[in-house]
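Protein chains in written order, with this note's numbering: chain A, 2 to 236; chain B, 231 to 432.
Even for Gly, the Cβ is constructed at its ideal location relative to N, Cα and C.
Since the structure is predicted, the reported quantities are computational estimates derived from the model, not experimental observations.
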Amino acid sequence: MDDRSDPCRSIARREFLMRAASGTVLTALAGGLYAISDHLTSEAKAQTRDDGRPRLPPGQRVIEQLKPMGGVPGDPSRASFRLKVHGEVESPLELDFAGLLAMSPVTRRSDVHCVTGWSVLDAKWKGLTIKALAERAGLRPSARHVIFEGAAGYTANVRLREALADDVMVAWELDDHPLRRQHGAPVRAVVPDLYFWKSSKWLTGIRFVSRDQPGYWETRGYHNHADPWKEERYG
Amino acid sequence: MADGGIPEPPRPPRRPKLKLRKWLRALHRDFGYVAVGLTFIYALSGLAVNHIADWDPNFESFEREYTVSTPLPTDDDAAAAAIVQQHAGIEGEPVDVYRVTDDLLEVTFEHRTLHITLGEGKVFEEGQEPRLFIRAANWLHLNRGKKAWTWFADGYAVVLLLLATSGIFMLPGRKGLAGRGAILIGLGIAVPLVYLSTVGSP
Numbered sequence: 002m003d004d005r006s007d008p009c010r011s012i013a014r015r016e017f018l019m020r021a022a023s024g025t026v027l028t029a030l031a032g033g034l035y036a037i038s039d040h041l042t043s044e045a046k047a048q049t050r051d052d053g054r055p056r057l058p059p060g061q062r063v064i065e066q067l068k069p070m071g072g073v074p075g076d077p078s079r080a081s082f083r084l085k086v087h088g089e090v091e092s093p094l095e096l097d098f099a100g101l102l103a104m105s106p107v108t109r110r111s112d113v114h115c116v117t118g119w120s121v122l123d124a125k126w127k128g129l130t131i132k133a134l135a136e137r138a139g140l141r142p143s144a145r146h147v148i149f150e151g152a153a154g155y156t157a158n159v160r161l162r163e164a165l166a167d168d169v170m171v172a173w174e175l176d177d178h179p180l181r182r183q184h185g186a187p188v189r190a191v192v193p194d195l196y197f198w199k200s201s202k203w204l205t206g207i208r209f210v211s212r213d214q215p216g217y218w219e220t221r222g223y224h225n226h227a228d229p230w231k232e233e234r235y236g
Numbered sequence: 231m232a233d234g235g236i237p238e239p240p241r242p243p244r245r246p247k248l249k250l251r252k253w254l255r256a257l258h259r260d261f262g263y264v265a266v267g268l269t270f271i272y273a274l275s276g277l278a279v280n281h282i283a284d285w286d287p288n289f290e291s292f293e294r295e296y297t298v299s300t301p302l303p304t305d306d307d308a309a310a311a312a313i314v315q316q317h318a319g320i321e322g323e324p325v326d327v328y329r330v331t332d333d334l335l336e337v338t339f340e341h342r343t344l345h346i347t348l349g350e351g352k353v354f355e356e357g358q359e360p361r362l363f364i365r366a367a368n369w370l371h372l373n374r375g376k377k378a379w380t381w382f383a384d385g386y387a388v389v390l391l392l393l394a395t396s397g398i399f400m401l402p403g404r405k406g407l408a409g410r411g412a413i414l415i416g417l418g419i420a421v422p423l424v425y426l427s428t429v430g431s432p
C-alpha cells in the first residue's frame with residue numbers, strides 16, 4: 002500500500018499538527034498573561050524622568066535585581082584593589098581601597114538598563130563620582146573621552162561629558178551590601194544612562210583620552226555610544 | 231553465439247560508475263566522527279551563552295547572612311576571621327584578611343568573601359562556585375585562552391564547511407539536490423535572509 006494513502010499515518014499527522022497548534026496557542030496565552038501581569042514594567046512605562054524622557058527606555062522590562070551577566074572575573078579582594086586614574090590628567094593617581102574611602106563617598110539612586118532587555122530601577126550605589134576623581138587628578142582640557150578599564154583587558158568607552166554626570170561613579174556598595182563578586186567586586190563603574198556594558202565590572206583603571214577608543218563590546222558589534230532611549234544596541 | 235536462436239542485441243557500453251559519492255560519504259562520515267566532541271562543546275556553550283540574561287553560564291552564585299554569637303576581637307583580624315570561618319564551617323585558608331574600616335573586616339577565600347561587622351558579629355557571605363563543564367566549554371567557545379586553541383577552532387570551522395559541502399552532494403535523486411535536498415537547503419538559507427530583511431540587520 003502506498004504510504005500516502007495510509008489512513009493511520011494521515012490521522013497521526015493530523016493529531017500531531019493539532020497538538021502542535023494547541024501548544025503554540027497555550028504558550029502564546031501564557032506569554033500574554035505574563036506580559037499583562039508584569040506590573041513593574043507597566044508602572045515604569047507610565048513614569049517620566051526629570052529630563053522629560055520616559056523612565057523606561059523602549060524594549061526594556063523591569064526586574065527586581067541585577068542579573069549576573071558573566072565576564073572574566075577579576076580579583077574580588079578589597080585588600081589587593083588598586084585603581085589607576087591616568088591619561089589626560091595633570092597628576093595620575095593610584096588609589097587603594099582605603100584611598101577611595103578617604104575621598105568622601107556619596108550615595109546615588111539610579112536605574113540601570115542592560116542591552117539584553119532588563120532594567121533595574123532605583124538601585125542604590127555607594128562610591129565616588131568620576132567627576133570627583135577627575136578633579137583630584139586634574140583633568141586636562143584635551144580630555145574628551147573616558148575609558149573604563151576592567152579585569153582581563155576589558156574596556157568600555159564613554160564620552161567625557163556623560164562620564165562627568167552626577168550619577169556616574171565607581172561603586173563598591175549596592176543596596177547597602179558590599180558589591181558581590183558576580184557584579185564586579187570590589188569596585189565597578191556605574192554609568193546609569195548608557196547600556197550597562199559601559200559600566201565596567203572589576204574596575205582597575207579610569208583613563209582619560211583625547212580620542213575615542215571603542216572598547217571590548219564596541220569592537221564586537223555593539224553600539225559605540227549605547228543610549229538606551231535611542232535603542233543604540235548594535236553598531 | 232548465433233546458433234540455436236536470435237542473437238541478443240548489442241548492449242550499450244556501460245558508463246564508468248561515479249565514485250565521487252562514495253568518497254563524499256566516507257569523508258562525511260569520518261569528519262562527522264571527528265566533529266562530535268567539539269560540536270557538543272560549541273553547541274552546549276552556545277545555548278548557555280545565548281541565554282546569559284536568564285542564568286549565569288559560568289558560575290553558580292550564593293549568599294547568606296548570619297550572626298556569630300561569640301564576641302569577635304577588634305584588635306586581631308586573623309583571630310576574628312578564624313572564629314567566623316569556624317562558625318561558618320568554611321575549609322581552606324583565606325586569601326586575604328582586610329580591615330576595611332574600624333568595624334568592618336573582609337575575609338576573602340577563593341570562591342567566597344565574608345564581610346564581617348565586628349561589633350555586631352554580623353556576617354554577609356557571598357561567592358560563586360564555577361560550573362565545571364559548561365565554564366570550560368564557554369572558555370573554549372569564546373577562545374579566552376587564545377594561543378593554540380585558535381588553530382583548533384579554525385580547524386573545526388573548516389571541518390563544518392566540509393561536512394556541509396559534502397552533505398549537499400551525498401545523496402542522488404529526489405532526496406538529494408534534485409528534490410528534498412534543494413528545498414531544505416533553500417529553507418536553511420532563507421531563514422537568516424528573512425530575519426535580516428524583516429526583523430533587523432546591521
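Report the residue from B:A394, B:T331, B:W369 whose alpha carbon sits nearest the alpha carbon of B:L274. On the second sequence, residue 274 of chain B is found 44 positions in, with the first residue counted as 1. It is B:W369 whose Cα lies nearest to the Cα of B:L274.
Quick check on the DSSP output: the beta strand (DSSP E) that includes A:E65 runs from which residue to which? Counted from its first residue, the first sequence places residue 65 of chain A at position 64. Looking at the DSSP string, A:E65 is not in any beta strand (DSSP E), and its letter there is neither H nor E.
How about A:S78 and B:D260: do their beta carbons lie closer than 8 Å? The residue you call residue 78 of chain A lines up with position 77 of the first sequence. The residue you call residue 260 of chain B lines up with position 30 of the second sequence. Against a cut-off of 8 Å, the Cβ pair of B:D260 and A:S78 comes out as no contact.
Against chain A, does B:N373 count as a neighbour if the rule is that its beta carbon must be under 8 Å from one of theirs? Indexing the second sequence from 1 puts residue 373 of chain B at position 143. No, because no Cβ of chain A sits closer than 8 Å to the Cβ of B:N373.
What is the residue span of the beta strand (DSSP E) that B:S291 lies within? By 1-based counting over the second sequence, the position of residue 291 of chain B is 61. Unbroken beta strand (DSSP E) run through B:S291: 289-297.
How would you label B:Y425, buried or exposed, when you count the other beta carbons within 10 angstroms and need 16 or more for buried? Against the second sequence, residue 425 of chain B aligns to sequence position 195. Under this definition B:Y425 is an exposed residue.
Proximity to A:A144 [Cα-Cα], best of A:N158, A:A152, A:D123: Residue mapping note: residue 144 of chain A aligns to position 143 of the first sequence, counting from 1. Checked all of A:N158, A:A152, A:D123; the closest Cα to A:A144 is A:N158.
Please state whether the Cβ-Cβ distance between A:W203 and A:A152 is less than 8 Å. Start at 1 with the first residue of the first sequence, and residue 203 of chain A comes out as number 202. Start at 1 with the first residue of the first sequence, and residue 152 of chain A comes out as number 151. Taking 8 Å as the Cβ cut-off, A:W203 and A:A152 qualify as a contacting pair.
Any beta carbon of chain A sitting closer than 8 Å to that of B:A232? Here residue 232 of chain B refers to the residue found at position 2 when the second sequence is read from its first residue. Residue placement at B:A232 is flagged as unreliable, the pLDDT there being 49, under the threshold of 50; the coordinate-derived value follows with that caveat. No, because no Cβ of chain A sits closer than 8 Å to the Cβ of B:A232.
Look at the alpha carbon of A:R212 and the alpha carbon of A:G88, and state the distance between them as a whole number of angstroms. Within the first sequence, the letter at position 211 stands for residue 212 of chain A. Within the first sequence, the letter at position 87 stands for residue 88 of chain A. Those two C-alpha atoms are separated by around 11 Å.
Can you have a look at A:Q48 and say buried or exposed, based on whether 16 or more other CB atoms are within 10 angstroms of its CB? Position 47 of the first sequence, counted from the start, is the residue given in the question as residue 48 of chain A. With fewer than 16 other Cβ atoms within 10 Å, it is exposed.
Looking at B:Q358 and A:Q61, is the spacing between their C-beta atoms short of 8 Å? The sequence position of residue 61 of chain A within the first sequence is 60, counting from 1. The sequence position of residue 358 of chain B within the second sequence is 128, counting from 1. No.
In the DSSP output, what is A:H87 paired with across the bridge? Locating residue 87 of chain A in the first sequence gives position 86, where the first residue counts as 1. Paired residues: A:R208.
Along the segment 65-92 of chain A, what residues have a CB closer than 7 Å to any CB found in chain B? K68, P69, M70, G71, V73, P77, S78, R79, A80, S81
Proximal residues of chain A, C-beta to C-beta of B:P422 below 9 Å: Within the second sequence, residue 422 of chain B is the residue found at index 192, counting from 1. Here the premise fails: no neighbours, minimum Cβ distance about 16 Å.
For the 8 Å Cβ check, are there 3 or more pairs between the segment 331-338 of chain B and the segment 309-318 of chain B? yes
Quick one: which chain A residues come within Cβ less than 9 Å of B:A366? For the purposes of this step, residue 366 of chain B is taken as the residue at position 136 of the second sequence. By Cβ distance, chain A contributes nothing, its closest Cβ being about 14 Å from B:A366, past 9 Å.
I think A:T156 touches A:Y217, with their Cβ atoms under 8 Å apart; what is that distance to the nearest whole Å? Position 155 of the first sequence, counted from the first residue, corresponds to residue 156 of chain A. Position 216 of the first sequence, counted from the first residue, corresponds to residue 217 of chain A. Going by Cβ atoms, the distance from A:T156 to A:Y217 rounds to 6 Å, so yes, they are a contact pair.
Would you check if there are 3 or more beta carbon pairs closer than 8 Å linking the segment 366-382 of chain B to the segment 52-70 of chain A? no
Rounded straight-line distance, which links the Cα of B:V330 to that of B:L344: Here residue 344 of chain B corresponds to residue number 114 of the second sequence, with the count starting at 1. Here residue 330 of chain B corresponds to residue number 100 of the second sequence, with the count starting at 1. Taking the straight line joining both Cα atoms gives about 12 Å.
Under 8 Å from the C-beta of B:E323: neighbouring residues of chain A: For this step, residue 323 of chain B is matched to residue 93 along the second sequence. Those do not exist, as B:E323 stays about 14 Å from chain A at its closest Cβ, beyond 8 Å.
Take the Cβ of B:H371 as the centre, count every other Cβ of all protein chains shown within 10 Å, and call the residue buried at 16 or more, exposed below. For this step, residue 371 of chain B is matched to residue 141 along the second sequence. Buried, because 16 or more other Cβ atoms sit within 10 Å of the Cβ of B:H371.
Please decide whether B:H345 counts as near chain A, where near means a Cβ-Cβ distance under 8 Å. Reading the second sequence from its first residue, position 115 is the one you call residue 345 of chain B. By this cut-off, B:H345 is an interface position.
Burial state of A:H224, where buried means 16 or more other Cβ atoms lie within 10 Å: Reading the first sequence from its first residue, position 223 is the one you call residue 224 of chain A. So A:H224 counts as buried.
Under 8 Å (Cβ pairs) to chain B, residues found in the segment 114-136 of chain A: C115, T117, G118, W119
Does the Cβ of B:S431 lie closer than 7 Å to at least one heavy atom of the ligand SAH? The ligand SAH is not part of this structure, which contains no ligands at all.
Do A:A186 and A:K127 count as a contact pair if the criterion is CB distance below 8 Å? As a first step, residue 127 of chain A must be located in the first sequence, where it is residue number 126. As a first step, residue 186 of chain A must be located in the first sequence, where it is residue number 185. Their beta carbons are not under 8 Å apart, which means A:K127 does not touch A:A186 by this criterion.
CB-CB under 7 Å to B:R255, same chain, minus the five flanking residues each way: which ones, in chain order? Residue 255 of chain B sits at position 25 when you count from the first residue of the second sequence. So the qualifying residues of the chain are M400.
Roughly how many angstroms separate the alpha carbons of B:A232 and B:E238, rounded to a whole number? Here residue 232 of chain B is taken as the residue at index 2 of the second sequence, counted from 1. Here residue 238 of chain B is taken as the residue at index 8 of the second sequence, counted from 1. In this prediction, B:A232 has a pLDDT of 49, which is less than 50 and means its spatial position is unreliable; what the coordinates show is noted afterwards. Using only the alpha carbons, I get a separation of about 9 Å.
Backbone CA spacing between B:E290 and B:G322 [nearest angstrom]: Within the second sequence, numbered from 1, the residue matching residue 290 of chain B stands at position 60. Within the second sequence, numbered from 1, the residue matching residue 322 of chain B stands at position 92. Whole-angstrom Cα-Cα distance: 20 Å.
Could you have a look at A:G222 and say whether DSSP puts it in helix, strand or coil? The residue labelled residue 222 of chain A in the question sits at position 221 within the first sequence. Note: A:G222 maps to coil in three-state DSSP.
Tell me B:D326's beta-bridge partners as DSSP assigns them. For the purposes of this step, residue 326 of chain B is taken as the residue at position 96 of the second sequence. Per DSSP, B:T338.
Report all residues from its chain with a CB closer than 7 Å to the CB of B:L417; omit the five preceding and five following residues, and keep chain order. By 1-based counting over the second sequence, the position of residue 417 of chain B is 187. So the list is empty, once near-sequence residues are dropped.
Going residue by residue through the segment 75-136 of chain A, where are the continuous beta strand (DSSP E) segments of at least 3 residues, counting only ones entirely within it? 83-88, 94-97, 107-114, 119-130
Classify B:H492 as helix, strand or coil using the three-state DSSP reduction. Nothing in the structure corresponds to residue 492 of chain B, since chain B is present only between 231 and 432.
Could you check whether A:I148 and A:R208 sit closer than 8 Å to each other, using their CB atoms as the reference points? By 1-based counting over the first sequence, the position of residue 208 of chain A is 207. By 1-based counting over the first sequence, the position of residue 148 of chain A is 147. Yes. Within cutoff.
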